[in-house]
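Residue numbers (this note's numbering), protein chains in the order written: chain A, 1 to 120; chain B, 1 to 120.
Backbone N, C-alpha and C fix where the C-beta goes; we use that ideal spot for every residue, glycine too.
Note that this is a predicted model, so its numbers are computed, not measured.
Presented below is the structure to which this report refers.
2 protein chains.
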Amino acid sequence: MKAIILFGHGARDSRWREPFDRLASLWHEQYPQTPVELAFLEMMQPSLEDAVAALSARGVSDLTIVPVFFGQGGHLRNDFPVLLEECRGKFPKITLSATPAVGEDLAVLQAIIDFGARAL
Amino acid sequence: MKAIILFGHGARDSRWREPFDRLASLWHEQYPQTPVELAFLEMMQPSLEDAVAALSARGVSDLTIVPVFFGQGGHLRNDFPVLLEECRGKFPKITLSATPAVGEDLAVLQAIIDFGARAL
């Protein structure tokens, strides 16, 4: 079974995660056959490892992690690969793959442009 | 004259800003009559004030700031309003307005969902 993890930075203010909760709800509505979990790099739970563990317990065998970040800086170039390798070591039965950051996707950028244009 | 500022967090790694540079290029291609500047909260230049100053020098009278953030946490709820008020004080001839964070926009979230779905 396939599943997806939407991986964000995390923040001290709990309201910061509202768009992430909305993303998980949208995913669940549109792809109910494909489990989704959120995970956060810091300051919020669950961690990436906890999210992988939760999906492992549900029998997931093939997991795609989508970094919900704009830019690919130190967090995605340095911290994230380490976490990913740790998860691969701890969950050898799960195939773990990762996409580029969502900010690399032209359609995501175009949606931001459209949002700005509507606001003028 | 109207203009737009795309306001991001900033990061130590200069490659982090690539999607922001791409956003500015997309805007410039699609709305060449409406000047665009990037601005960053920390670790990258220009600051919000420097971006407003640059647009003021070009004769902009009506400026919309789009926070290119997912969540509305401490940066947008606490830091950003202070910067915005400082800019209003320093540039009284410019009407400064701000949108919610782009992560509040359903079309932006849907584009992220679509990106994830294509990756499975």
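Which value, in whole angstroms, describes the spacing of the CA atoms of residue i and residue j?
i	j	result
Ala11/A	Glu18/A	11 angstroms
Pro81/A	Ser47/A	14 angstroms
Leu96/A	Lys90/A	11 angstroms
Ile94/A	Thr34/A	15 angstroms
Ala57/A	Pro32/A	18 angstroms
Leu83/A	Leu84/B	37 angstroms
Met1/B	Pro92/B	15 angstroms
Glu86/B	Glu42/B	16 angstroms
Arg22/A	Arg22/B	26 angstroms
Is residue i near residue j, with beta carbons less than 7 angstroms apart?
i	j	result
Ala24/B	Val60/B	no
Leu6/A	Val66/A	yes
Leu120/B	Thr64/A	yes
Ile113/B	Trp16/A	no
Ala111/A	Ala107/B	yes
Phe115/B	Asp105/A	yes
Gly74/A	Asp13/B	yes
What first and last residue would you give for the beta strand (DSSP E) that runs through residue i?
i	result
Phe7/B	Lys2 to Gly8
Ala98/A	Thr95 to Ala98
Report all residues from its chain with a CB closer than 7 angstroms to the CB of residue i; omit the five preceding and five following residues, and keep chain order.
i	result
Leu76/B	Pro67, Phe69 and Ala101
Gln45/B	none
Give me, in chain order, the residues of the same chain whose beta-carbon lies closer than 8 angstroms to that of residue i; leave out the 5 immediate sequence neighbours on both sides.
i	result
Gly103/A	Phe69, Phe70, Gly71, Gln72 and Leu109
Leu55/A	Ala3, Ile5, Pro35, Glu37, Leu63 and Ile94
Assuming residue i is part of the alpha helix (DSSP H), what are its boundary residues?
i	result
Asp79/A	Segment: none, Asp79/A is in no alpha helix (DSSP H) and carries neither H nor E.
Val108/A	Leu106 to Ala119
Ordered along the chain, which non-local residues of its own chain (more than five positions away) have a Cβ less than 6 angstroms from that of residue i?
i	result
Phe20/A	Gly8 and Leu38
Arg88/A	Leu96
Thr99/B	Val66
Glu29/B	none
Phe40/A	Gly8 and Gly10
Could you work out which residues of chain C lie near residue i, taking near to mean beta carbons separated by less than 9 angstroms?
i	result
Gly89/A	Considering every chain present, this structure includes no chain C. Its protein chains are A and B.
(message) If we require 4 or more residues per run, which alpha helix (DSSP H) segments fall completely within the region 11-76 of chain A?
(response) 18-30 and 48-57
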